Amino acid sequence: PEQRQLALFSTPVESGDGNHLGRLFVFRDVTHEREADRMRSEFVSMVSHELRTPLTAIKGFVDLLVGGEVGELEEEQREFLDIVKYNADRLMGLISDLLDLSQIEAGKIALELAPVDLLPLIRMVVTTLRRQIEAKGQQILLALPATLPSVRADADRLSQVLMNLLSNAHKYTPEGGKIIISGRMVQGQVALSVQDTGIGLSPEEQEKLFTRFFRAPNQQTRTEKGTGLGLAITRSLVQLHGSTIAVHSVPNEGSTFTFTLPVAEDA
């Protein structure tokens, strides 16, 4: 027989004078909704894979052209190719986000947990993004102790989390603003924070911030390119590590994202 999936809702039942009479239980059949979610995730994954292969070829050949491997380029030709490269990079980022999201929803992401030395990893991520951050006139500062214990994490996925948080801070911090990465011990775990002096978020926006495709409705977010998937993926990756991520934000002052990681057993 076909298996059914049910969602359970429960609420207390009280009399008019406040006496507890019992509970009301409602079961709702969500089998078709779950199947639709599964099919959607499979479709997104399939389409993303099919798009990635030709896009990789496009990026590769554009890089060869821009690098002068097939001859010198005129200024106008280089300008056009730079536009192609920029948009190919954007599309590759979108495809990667969609693939990550579909794998997370399908429970197919398996972390390779091992002791990770945080300070070199953080410096590598900062070095990767420093040029584009400083090109916007922003400062990126490290407020880290001289030593931090190793954490139990997947190094690649942890780098992705930090990349997403730094990219988010870079996008929504005006020219001349600051981005600060800090770390400290909290109740036997390592807490990492990414703080910015950006546009900030209202309490209502903070509640929705980690949901898929959410972008705060203001002029700054409308002008910045993005999918609204980065922070949703970030939260899922942090949760896969058995940890949590939180945001503290004040409109027009900035935001601070903080997540924790367990200390490696041999640290």
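Per this note's numbering, the very first residue in the sequence shown carries number 52; after that it's consecutive. Built from N, CA and C at the ideal position, the CB exists for glycine as well. Fair warning: this is a prediction, and the values are worked out from it, not measured in the lab.
In chain order, Q240, F310, T311, L312, P313 place their CB closer than 8 Å to the CB of S294, counting only its own chain and leaving out the 5 sequence neighbours on each side.
Secondary structure note for E156: its alpha helix (DSSP H) is the uninterrupted segment 126 to 156.
Membership of V176 in any beta strand (DSSP E) is not indicated; the residue belongs instead to the alpha helix (DSSP H) covering 169 to 186. F261 counts as buried, since at least 16 other C-beta atoms from the protein chains shown sit within 10 angstroms of its C-beta. Under the 8 Å Cβ criterion, the segment 107 to 116 does not count as touching the segment 76 to 86, having fewer than three qualifying pairs. The beta-bridge partner set that DSSP reports for L193 consists of I232. For a cut-off of 8 Å, the C-beta gap from V117 to D133 is around 7 Å, short enough to register as a contact.
A distance of 8 Å or more separates the beta carbons of G227 and N303.
Spanning the alpha carbons of S306 and A297 requires a straight line of approximately 10 Å. Distance from the Cα of F265 is smallest, within the candidate group A283, M143, D68, I160, for A283. With respect to H292, A204 sits close: the two C-beta atoms are nearer than 8 Å. Contact check for S61 against I155 fails: the beta carbons are separated by 8 Å or more. With a contact defined as Cβ atoms closer than 8 Å, L195 and V177 miss out at about 10 Å. Burial check for A108: the Cβ neighbour count within 10 Å stays below 16, so the residue is exposed.
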